[in-house]
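Written out below as structure tokens is the structure these notes cover.
Residue numbers (this note's numbering): 25 to 275.
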């Protein structure tokens, strides 16, 4: 299941148990005025279906390699955890102590657009959405607005990742690989870290298609989105949202 896969009507999410939901009512009350309408709707969905684990501040800032090491690892889920792990990276970048190895309803809600549209509609994120029959044209429309030195969270095809714009190139951040240099000679493209982002990576890693395709009996017009990572600093809902992907350090 990918970021941009919709399921039409919401499938019923299974009930999860294990983490305390203590404070849910207090959070509901506190955030009635602070959050956008789309943020409130998304958080209600999370509160009703996912257990909350409070996100604390990091004792000291982490370097980029430290954040990559902390947030990356082999993905054993059925797919779709790319969104939450990218958000986890952003959270650590801005000083939040958060990990994402949860799966379950958390992964489903963030991965599936029929649930997560309200998240991407939060006004402070200023998400750019593009539509076209050709997925590569969508990426061109998105990336033409990227500014050198900035990072973006990009969802296109069946994948979501952090992308950074250099003076002359684009790179994407791999966080879900189980490949390690400890195993000897490896394909460096499969290592966690930054990799060149071109047509080959768009096809192989992001699953971008050149033309519209059939999903069942329906023709799918492709879509993509991008959001400047810096916009998350202005998202008042972000820290609480991270509490629904946060995982105990022992897990």
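Cβ coordinates follow ideal geometry from the N, Cα and C atoms, glycine included.
**Q.** Cβ neighbour criterion (16 or more within 10 Å) applied to residue 191
**A.** exposed
Q: Note down, in chain order, each residue of its chain lying with its Cβ closer than 7 Å to the Cβ of residue 109, except the 5 sequence neighbours on either side.
A: 95, 124, 199, 200
Q | Backbone CA spacing between residue 64 and residue 141 [nearest angstrom] | A | 12 Å
Q: On a CA-only basis, which of 266, 62, 243 is nearest residue 148? Give me that one, please.
A: 62
Q) Would residue 150 pass as a contact of residue 170 if the rule is Cβ separation under 7 Å? A) no
Q: Out of 247, 253, 202, 107, state which residue places its alpha-carbon closest to the alpha-carbon of residue 234.
A: 247
Q. Any idea what DSSP makes of residue 63, helix, strand or coil?
A. helix
Q. When DSSP labels each residue in this structure, what does residue 221 get in the three-state scheme?
A. coil
**Q.** Straight-line gap, residue 154 to residue 216 (C-alpha atoms, nearest Å)
**A.** 28 Å
(Q) Runs of 3 residues minimum, wholly inside the stretch 141 to 166: which ones carry the beta strand (DSSP E) assignment? (A) 152 to 156
**Q.** Close-in-space but distant-in-sequence residues of the same chain around residue 132 (CB under 6 Å, 5 per side omitted)
**A.** none
Q. Using CA coordinates, which residue listed in 58, 222, 75 is at the minimum distance from residue 271?
A. 75
Q.
Rounding to the nearest angstrom, what Cα-Cα distance links residue 259 and residue 239 in this structure?
A. 34 Å
Q) Alpha carbon to alpha carbon, how far is residue 115 from residue 161? A) 30 Å
(Q) Give me, in chain order, the residues of the same chain whose beta-carbon lies closer than 6 Å to that of residue 106; leave out the 5 immediate sequence neighbours on both sides. (A) 183, 184
Q) Which of helix, strand or coil does DSSP assign to residue 98? A) coil
Q: Note down the Cα distance separating residue 72 from residue 269, rounded to an integer number of angstroms.
A: 14 Å
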